[in-house]
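S.K.:
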Amino acid sequence: MTPTDATQEDQQDAAARRAKGEFVRGLSGFRHAIGDADFPPEPGRYHLFVALNCPWCHRVTLARSVLGLDGAVSMDVAFPNRTGEGDPVGPNLWQFAPERIATLTGARLPECTKETGTGRGLRLAKEIYQAEGSDEQSVPILYDKLTQRIVSNESAEIIEMLDAHAAALGSVFPGAERPRLMPEDAGQRAEVTRLNALIYTAINNGAYKAGFSSDQAVYAAAFAAYFAALDQLETQLADGRDYLTGDAFTAADLRLFPTLYRHDPVYYVRMKLNGARILDYPHLWRWLCGVYARPGVAQSGSLIHCRQGYFGRSWNGVVPLGPNHPMPYPQAYRHPELAPLPKTRK
3 MTPTDATQED QQDAAARRAK GEFVRGLSGF RHAIGDADFP PEPGRYHLFV ALNCPWCHRV
63 TLARSVLGLD GAVSMDVAFP NRTGEGDPVG PNLWQFAPER IATLTGARLP ECTKETGTGR
123 GLRLAKEIYQ AEGSDEQSVP ILYDKLTQRI VSNESAEIIE MLDAHAAALG SVFPGAERPR
183 LMPEDAGQRA EVTRLNALIY TAINNGAYKA GFSSDQAVYA AAFAAYFAAL DQLETQLADG
243 RDYLTGDAFT AADLRLFPTL YRHDPVYYVR MKLNGARILD YPHLWRWLCG VYARPGVAQS
303 GSLIHCRQGY FGRSWNGVVP LGPNHPMPYP QAYRHPELAP LPKTRK
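Positions in the sequence shown are counted from 1; adding 2 to them yields the numbering used here.
So, in structure tokens, the structure goes:
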């Protein structure tokens with residue numbers, strides 16, 4: 003697959019930009035694909051390693067669910083907080099530790115699992131990479147259980163290959179009932195590609211530019227671009243369409259959802275994106291609630307994991323309990339009527 007600006011960030015002068023305080027997302031090193039000679043599409047062969055607080059993982063778990071692949075592609079879930087300074091291997095590593103207690107709930111998180119994909123019961127995602135001589139440590143990972151190799155760790159490409167090979171991988175949905183994330187029609191496909199680039203640059207990665215850059219000017223530019231993109235998408239949805247490109251759920255909707263799902267309860271505070279809530283955008287809120295209502299979507303993510311993961315590794319580790327107005331999240335996503343009525347233009 004050919005990388006585009008909808009997949010990865012420009013790496014020009016990355017070291018210098020990081021030194022000046024800009025958050026620059028690195029490149030994913032494993033870029034094979036289901037459908038390559040070594041990785042034929044077969045039911046039960048592939049496995050995902052994810053963390054439910056990670057939005058890049060969320061787009062993959064979302065694709066797995068909406069494409070009807072929950073039973074055909076197995077999955078392990080890491081604990082939302084990574085290893086600490088006292089870990090014998092080191093800090094900041096994704097860990098499969100279902101026994102860990104979440105400070106937010108005071109209990110184990112039932113979604114977390116041990117590592118089962120490799121058959122070796124590994125503790126760290128880093129160890130999966132080390133078996134292939136790599137020093138990467140990110141999730142998601144798409145893994146081939148038969149050859150015990152990593153297929154890909156680039157989320158944008160994983161969702162495309164799950165979409166392209168859903169039937170062969172064992173989707174439970176007949177073709178007519180299964181969304182096609184990348185439409186066959188050239189014009190529709192071009193529109194999805196355009197939206198993907200905007201959403202990735204200004205919203206998905208833009209949230210991280212705002213939240214994790216230490217340069218005020220970089221933050222301000224990311225903040226402005228993020229809300230300008232929301233304004234653009236609000237206008238696009240103002241004609242009453244159900245999804246970004248019309249009446250069909252596509253990859254553009256799937257890519258946008260994880261960030262907007264996190265915005266009000268997490269990113270508004272943690273990423274310093276306090277210009278507005280999604281609840282303040284009537285059409286985006288209606289869209290968000292509509293996507294959340296689709297079968298499998300609510301189960302593909304967890305705001306408990308998100309809150310624990312983002313705030314649990316902040317400077318004091320305290321996780322905010324709200325927002326609770328006009329009602330707690332994610333319950334609010336079942337109530338499109340909470341958003342203000344759109345203003346009538348004169």
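Here a beta-carbon is modelled for each residue, glycine too, at the ideal position from N, C-alpha and C.
Values in this document were obtained by computation on a predicted structure and should not be read as measured data.
In or out: P93 buried (at least 16 other Cβ within 10 Å) or exposed?
M.R.: Reading the sequence shown from its first residue, position 91 is the one you call residue 93. P93 should be labelled exposed.
S.K.: Identify, in the order they occur along the chain, each residue of the same chain with its Cβ nearer than 6 Å to the Cβ of P260, setting aside the five sequence neighbours on each side.
M.R.: Numbered from 1 along the sequence shown, position 258 holds the residue referred to as residue 260. Correct list, in chain order: P57, H60 and R61.
S.K.: Since L50 is in the beta strand (DSSP E), which residue starts that stretch and which ends it?
M.R.: Here residue 50 corresponds to residue number 48 of the sequence shown, with the count starting at 1. Start and end: Y48 to V52.
S.K.: Excluding five sequence neighbours on each side, which residues of the same chain lie with their C-beta closer than 7 Å to the C-beta of W96?
M.R.: Within the sequence shown, residue 96 is the residue found at index 94, counting from 1. Taken in chain order, the residues that qualify are A53, A80, R84, L126, A127, Q139 and V141.
S.K.: Can you give, in chain order, each stretch of the alpha helix (DSSP H) that sits fully within the stretch 159-206 and has at least 4 residues?
M.R.: Counting only runs of 4 or more, we get 168-171 and 188-200.
S.K.: Quick check on DSSP: helix, strand or coil for S126?
M.R.: Here residue 126 corresponds to residue number 124 of the sequence shown, with the count starting at 1. The sequence shown places Leu at residue 126, not Ser. It is a strand residue.
S.K.: How big is the Cα-Cα spacing for L232 and S316?
M.R.: Numbered from 1 along the sequence shown, position 230 holds the residue referred to as residue 232. Numbered from 1 along the sequence shown, position 314 holds the residue referred to as residue 316. In a straight line, the C-alpha of L232 is about 26 Å away from that of S316.
S.K.: DSSP three-state label for R151, please.
M.R.: Within the sequence shown, residue 151 is the residue found at index 149, counting from 1. Strand at R151.
S.K.: Using the beta-carbon count (16 or more within 10 Å), is E186 buried or exposed?
M.R.: The residue given as residue 186 occupies position 184 in the sequence shown. It is exposed - the Cβ of E186 has fewer than 16 other Cβ atoms within 10 Å.
S.K.: Residues in the same chain with beta-carbon distance under 8 Å from R421, minus the five sequence neighbours each way, listed in chain order, please.
M.R.: Here the chain has residues from 3 to 348 only, and residue 421 is not among them.
S.K.: Across which residues does DSSP place D78 in a beta bridge pair?
M.R.: On the sequence shown, position 76 is the one that residue 78 refers to. In DSSP, D78 forms a bridge with F51.
S.K.: In whole angstroms, what is the alpha-carbon distance linking A188 and W287?
M.R.: One-based indexing of the sequence shown puts residue 188 at position 186. One-based indexing of the sequence shown puts residue 287 at position 285. Using only the alpha carbons, I get a separation of about 29 Å.
S.K.: Look at the alpha carbon of V320 and the alpha carbon of Q310, and state the distance between them as a whole number of angstroms.
M.R.: The sequence position of residue 320 within the sequence shown is 318, counting from 1. The sequence position of residue 310 within the sequence shown is 308, counting from 1. Taking the straight line from one Cα to the other gives about 9 Å.
S.K.: Name the one or two DSSP bridge partners that Q139 has.
M.R.: The residue you call residue 139 lines up with position 137 of the sequence shown. Paired residues: none, contrary to the question.
S.K.: By the DSSP assignment, the alpha helix (DSSP H) with L258 in it spans what residues?
M.R.: Locating residue 258 in the sequence shown gives position 256, counting from the first residue. Unbroken alpha helix (DSSP H) run through L258: A253 to R264.
S.K.: Relative to the C-alpha of A224, which candidate in N206, A178, I152 and P284 has its C-alpha closest?
M.R.: Position 222 of the sequence shown, counted from the first residue, corresponds to residue 224. Checking every option, the nearest Cα to that of A224 belongs to N206.
S.K.: Quick check: what's the CA-CA separation for G73 versus T120?
M.R.: Within the sequence shown, the letter at position 71 stands for residue 73. Within the sequence shown, the letter at position 118 stands for residue 120. Distance between the alpha carbons of G73 and T120 is about 18 Å.
S.K.: Tell me which residues share the same chain as E24 and place their Cβ nearer than 7 Å to its Cβ, disregarding the 5 neighbours each side in the sequence.
M.R.: Stepping through the sequence shown from its first residue, residue 24 is reached at position 22. These residues qualify, in order along the chain: S215, D217 and V220.
S.K.: Could you tell me the distance, in whole angstroms, from the CA atom of L164 to the CA atom of L171?
M.R.: For the purposes of this step, residue 164 is taken as residue 162 along the sequence shown, with counting starting at 1. For the purposes of this step, residue 171 is taken as residue 169 along the sequence shown, with counting starting at 1. Computed Cα separation, rounded: 8 Å.
S.K.: For P181, count neighbouring C-beta atoms within 10 Å of its own C-beta (all shown protein chains included) and say buried if the count is 16 or more, exposed if not.
M.R.: Here residue 181 refers to the residue found at position 179 when the sequence shown is read from its first residue. Buried, since its Cβ has 16 or more Cβ neighbours within 10 Å.
S.K.: Would M77 be called buried (16 or more neighbouring beta carbons within 10 Å of its own) or exposed?
M.R.: Against the sequence shown, residue 77 aligns to sequence position 75. Classification for M77: buried.
S.K.: How should D15 be labelled, buried or exposed, when 16 other C-beta atoms within 10 angstroms of its C-beta is the threshold for buried?
M.R.: Start at 1 with the first residue of the sequence shown, and residue 15 comes out as number 13. Exposed, since its Cβ has fewer than 16 Cβ neighbours within 10 Å.
S.K.: Identify which residue in L239, K274 and L64 has its Cα closest to the Cα of S157.
M.R.: On the sequence shown, position 155 is the one that residue 157 refers to. When only C-alpha atoms are compared, the closest one is L64.
S.K.: Let's see if you can read the secondary structure: which residues bound the alpha helix (DSSP H) around L305?
M.R.: The count along the sequence shown starts at 1 and reaches residue 305 at position 303. L305 to F313 is the extent of the alpha helix (DSSP H) around L305.
S.K.: Closest to Q333 by CA distance: which of L323, P297, P344 and C291 is it?
M.R.: Counting from one through the sequence shown, the residue named residue 333 turns up at place 331. Comparing Cα positions, the closest option is C291.
S.K.: Indicate the three-state DSSP secondary structure (helix, strand or coil) for A209 in the structure shown.
M.R.: The sequence position of residue 209 within the sequence shown is 207, counting from 1. In the structure shown, A209 sits in a helix (DSSP, three-state: H, G or I).
S.K.: Any idea what DSSP makes of G355, helix, strand or coil?
M.R.: With the chain represented from 3 up to 348, any question about residue 355 goes unanswered, as that position is not in the structure.
S.K.: Which partner residues of A104 appear in the DSSP bridge assignment?
M.R.: What you label residue 104 is simply residue 102 of the sequence shown in a count that begins at 1. For A104, which the question treats as bridged, DSSP gives the partners A109.
S.K.: Assuming L256 contacts L197 under a Cβ cut-off of 8 Å, what Cβ separation, rounded to an integer in Å, is found between them?
M.R.: Walking along the sequence shown from the start, residue 256 turns up at place 254. Walking along the sequence shown from the start, residue 197 turns up at place 195. Actually they do not touch by this definition, with Cβ atoms about 11 Å apart.
S.K.: Measuring straight from C-alpha to C-alpha, what distance separates N55 and D40?
M.R.: By 1-based counting over the sequence shown, the position of residue 55 is 53. By 1-based counting over the sequence shown, the position of residue 40 is 38. Whole-angstrom Cα-Cα distance: 31 Å.
S.K.: Using C-beta distances below 6 Å, list every residue in its chain close to A99, excluding the 5 sequence neighbours before and after it, in chain order.
M.R.: Residue numbering aside, residue 99 sits at position 97 when the sequence shown is read from its first letter. Here the set comprises F81.
S.K.: Within 10 angstroms of its Cβ, does K116 collect 16 or more other Cβ (buried), or is it exposed?
M.R.: Start at 1 with the first residue of the sequence shown, and residue 116 comes out as number 114. By the 10 Å Cβ count, K116 comes out exposed.
S.K.: Across which residues does DSSP place L144 in a beta bridge pair?
M.R.: Here residue 144 refers to the residue found at position 142 when the sequence shown is read from its first residue. Paired residues: L50 and S154.
S.K.: Helix or strand or just coil, what does DSSP make of R61?
M.R.: Within the sequence shown, the letter at position 59 stands for residue 61. Note: R61 maps to helix in three-state DSSP.
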